[in-house]
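In this text, residue positions in the sequence shown follow my numbering: the first is 3, and each later residue adds one.
So the structure is just underneath, and the comments pick up after that.
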Amino acid sequence: MPNSEAQVLDPAVVDQAIHWLVRLRFNPADEQTQRTFEHWLRQRPEHFLAWQRVEALGDDFAGVPPDLARHTLKGARSGMHRRQSLKLLGVLATVGGATWLGRDYTPLPALLAQQHSRTGEQRRFQLDDGSLIQLNSDSAVDSYFNEQRRLIVLRRGEIIVNTGADAGSAQPRPFWVQTRDAIISTQNARFLAYERDDGTLLAVQRGAVSVFPGSSQTLSVNNTVQAGNQRLFTSNGVREFKDNGLDVWSWSDGVISAHHMRLGDFIGALSRYRPGLLRCAEEVADLRVSGTFQLADTDQVLALVAQSLHLRIDYRTQYWVTLSAAS
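Pasting the structure below:
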């Protein structure tokens, strides 16, 4: 008879054990729940064995979102021994409780981040695995790599990630990006993540990216974003992102590119690249802007837009600028 370590278990039984572990670890268990669990445990020897293997993870579950844990284990079942699946979940746990979606969002982490950019600055750098990271204006990231995974923490702003081949590893490690609202994961992709006021924008140019919203209760195929698509996600879920005419990738080339974009929205986007207050009057906010403009000189951008739309620019100071209708 095979020993308990070598015995292959029915995946459905292991999934039941995973369900019980997540339920008992992450939800208060009343007496009825406990009795139901104990009854399940005694029904078959395979139940007890599956529970032993799953429970062996112990405190490695601490800090890992339960839906992400369950999803990872179920996804790993295909073509992988269950013991390897458990090891994979342990890898996720090495990220640490503090770094999962409860990270500190005071200004200090961004100021102390490993890589950051000033207002109006775009930066790019390469990581040890060959990945290329681009920072937009006023952005900050930290990176945490180990033998099992690659993790980028977006502390503030916007990044473009072009994942590297990870040639130095025996096999390519999973690539994770933690944002304010979710965890996103890929193996090989080029994508953009931008922390906006209304959520985090994810745009994918190459490959596919999976999104795990922070407080989502379900995971579905809708959480996988394919190349050519973009989504806006919050801690509660993922939804379509309405195109407002801005080319979200254009800043990586040092320009801001708009097509029939509301002036109010355009000014809001441009304001990210200069310090102080930049705004337009309500009576001109619905005018439309089209064109590609160099971000290196935002005063020139304002002059060109004002000329094409017959607007007046009022500089109260260099840091307080208003566009309004020409008299």
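Glycine is no exception: its CB is placed at the ideal position from the N, C-alpha and C atoms.
For Phe-147, the secondary structure class from DSSP, reduced to helix, strand or coil, is strand.
Non-local C-beta neighbours of Leu-311 in its own chain, meaning closer than 6 Å and more than five positions away in sequence, comprise Leu-289, ordered along the chain. According to DSSP, residue pairing for Arg-290 in a beta bridge involves Arg-264. A direct Cα-to-Cα measurement between Asn-138 and Pro-277 gives close to 14 Å. Nearest neighbour of Gly-256 by Cα position, chosen from Ser-292, His-262, Asn-231, Leu-297, turns out to be Leu-297.
Straight-line spacing of the CA atoms in Gln-320 and Ala-195 works out to 30 Å. Under the three-state reduction of DSSP, Phe-39 is assigned to helix. As a beta-bridge residue in DSSP terms, Thr-226 pairs with Ser-212. One alpha carbon belongs to Asp-199, the other to Glu-242, and they sit about 16 Å apart. In this chain, the alpha helix (DSSP H) harbouring Leu-311 covers 300–311.
Contact annotation, Ile-269 with Leu-325: C-beta distance approximately 7 Å; criterion of less than 8 Å satisfied. Shown here for Val-240: same chain residues with a beta carbon closer than 7 Å to its own, the five before and five after excluded, namely Val-213, Pro-215, Asn-224, Asn-225, Arg-233 in chain order. Inclusion of Gly-166 and Asp-131 in the CB contact set at 8 Å is warranted, their separation being smaller than that value.
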